[in-house]
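Numbering (the working numbering), first residue to last: 6 to 316.
Quick reminder that beta carbons are idealized off the backbone N, C-alpha and C, glycines included.
Below: the structure, in structure tokens.
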């Protein structure tokens, strides 16, 4: 029986707890949160201190679902206990904080959409890609941007919090440094420091490009997709509300709980010394996407407009 500790029982922690509950061979050995926002199942210990929880629960896997301000700190201390660690993105908004440290090899980023159908083979044998289009169209009410999400220093922008699943996947398939950025960041609804839309084109040193169109004021159905343009002229579409259909049909997409369970199993397997699953995303590998995101925001033209609902 594998023991799992959940650190952080807020909105995202609740999703992990639902996915972990009832997984064969897994026991939720504790939840660490001074003020849980979710009903913890009867018999699961609740700890106000994550350090006390690490000592008492002796977990095989630690799932860190706290805000970026504390996530990296918690993940690294958890890894020092010998546990495998899954940490929610982006875990930090500072790329320099991801300079490798002892134990970082046991820490993985919780990108469950990367376990979508077909992505295992895609990542194991990456095709030659000339261009990647990262498309995000969702709606987030102003009330969503509260607490730690209100400031860029704490939460970053919509590339850190919303579009990073597709962007990180694209960058795994496209080598090279960013040589040129042409980007526009638009603010219209006054969402604290968070923008409504980012449009960017990135030119990489290998000759490939990444195009980004990410918005959180979309009035229609939500979608987060990645289109890969291959050198042989084909296009691969990674589709879904949040990429969860992978290369398959949207109607046959696994649930988010199923994707999370595959991710937990992969992390536990890697912790036992087995080769890492192709869909696992190491924390040290997150540094490159964060550096790219920083470059986009640093070089972008900032536009502030009065809000008008877009079609």
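Work out the CA separation of residue j and residue i for me, nearest whole Å.
{"i": "residue 310", "j": "residue 223", "result": "16 Å"}
{"i": "residue 119", "j": "residue 287", "result": "12 Å"}
{"i": "residue 81", "j": "residue 88", "result": "10 Å"}
{"i": "residue 251", "j": "residue 125", "result": "10 Å"}
{"i": "residue 92", "j": "residue 307", "result": "31 Å"}
{"i": "residue 50", "j": "residue 266", "result": "21 Å"}
{"i": "residue 297", "j": "residue 47", "result": "44 Å"}
{"i": "residue 116", "j": "residue 285", "result": "8 Å"}
{"i": "residue 316", "j": "residue 27", "result": "Bear in mind that a pLDDT of 39 at residue 316, under 50, signals an unreliable position, so the model cannot answer this."}
{"i": "residue 245", "j": "residue 225", "result": "14 Å"}
{"i": "residue 218", "j": "residue 11", "result": "33 Å"}
{"i": "residue 200", "j": "residue 229", "result": "17 Å"}
Locate the alpha helix (DSSP H) running through residue i, then write down its first and last residues.
{"i": "residue 193", "result": "Counting along the chain, residue 193 falls outside any alpha helix (DSSP H), and DSSP gives it neither H nor E."}
{"i": "residue 218", "result": "No alpha helix (DSSP H) holds residue 218; the beta strand (DSSP E) holding it covers 214-220."}
{"i": "residue 57", "result": "55-62"}
Name the residue from the options whose alpha carbon lies nearest to the alpha carbon of residue i.
{"i": "residue 182", "options": "293, 233 and 33", "result": "293"}
{"i": "residue 254", "options": "34, 24, 123 and 96", "result": "123"}
{"i": "residue 71", "options": "113, 15 and 106", "result": "15"}
{"i": "residue 159", "options": "13, 76 and 85", "result": "76"}
When the distance is taken between beta carbons, is residue j closer than 8 Å to residue i?
{"i": "residue 215", "j": "residue 175", "result": "yes"}
{"i": "residue 67", "j": "residue 83", "result": "yes"}
{"i": "residue 165", "j": "residue 98", "result": "yes"}
{"i": "residue 62", "j": "residue 8", "result": "yes"}
{"i": "residue 54", "j": "residue 37", "result": "yes"}
{"i": "residue 304", "j": "residue 186", "result": "yes"}
{"i": "residue 137", "j": "residue 103", "result": "no"}
{"i": "residue 262", "j": "residue 23", "result": "yes"}
{"i": "residue 128", "j": "residue 283", "result": "yes"}
{"i": "residue 234", "j": "residue 134", "result": "yes"}
{"i": "residue 90", "j": "residue 113", "result": "yes"}
{"i": "residue 184", "j": "residue 156", "result": "no"}
{"i": "residue 171", "j": "residue 139", "result": "yes"}
Quick one: give me the first and last residue of the beta strand (DSSP E) that residue i is part of.
{"i": "residue 92", "result": "89-92"}
{"i": "residue 296", "result": "Here residue 296 belongs to no beta strand (DSSP E); instead the alpha helix (DSSP H) covers 292-304."}
{"i": "residue 66", "result": "66-69"}
{"i": "residue 35", "result": "31-37"}
{"i": "residue 228", "result": "228-235"}
{"i": "residue 208", "result": "202-209"}
{"i": "residue 81", "result": "No beta strand (DSSP E) holds residue 81; the alpha helix (DSSP H) holding it covers 73-84."}
{"i": "residue 140", "result": "134-142"}
{"i": "residue 11", "result": "7-12"}
{"i": "residue 241", "result": "240-243"}
{"i": "residue 114", "result": "112-114"}
Complete runs of the beta strand (DSSP E) confined to the stretch 146-190 [at least 3 residues]: Taking only runs of at least 3 residues, no beta strand (DSSP E) segment lies wholly in the stretch 146-190.
Whole runs of the alpha helix (DSSP H) within the stretch 252-279, excluding any shorter than 4 residues: 261-276
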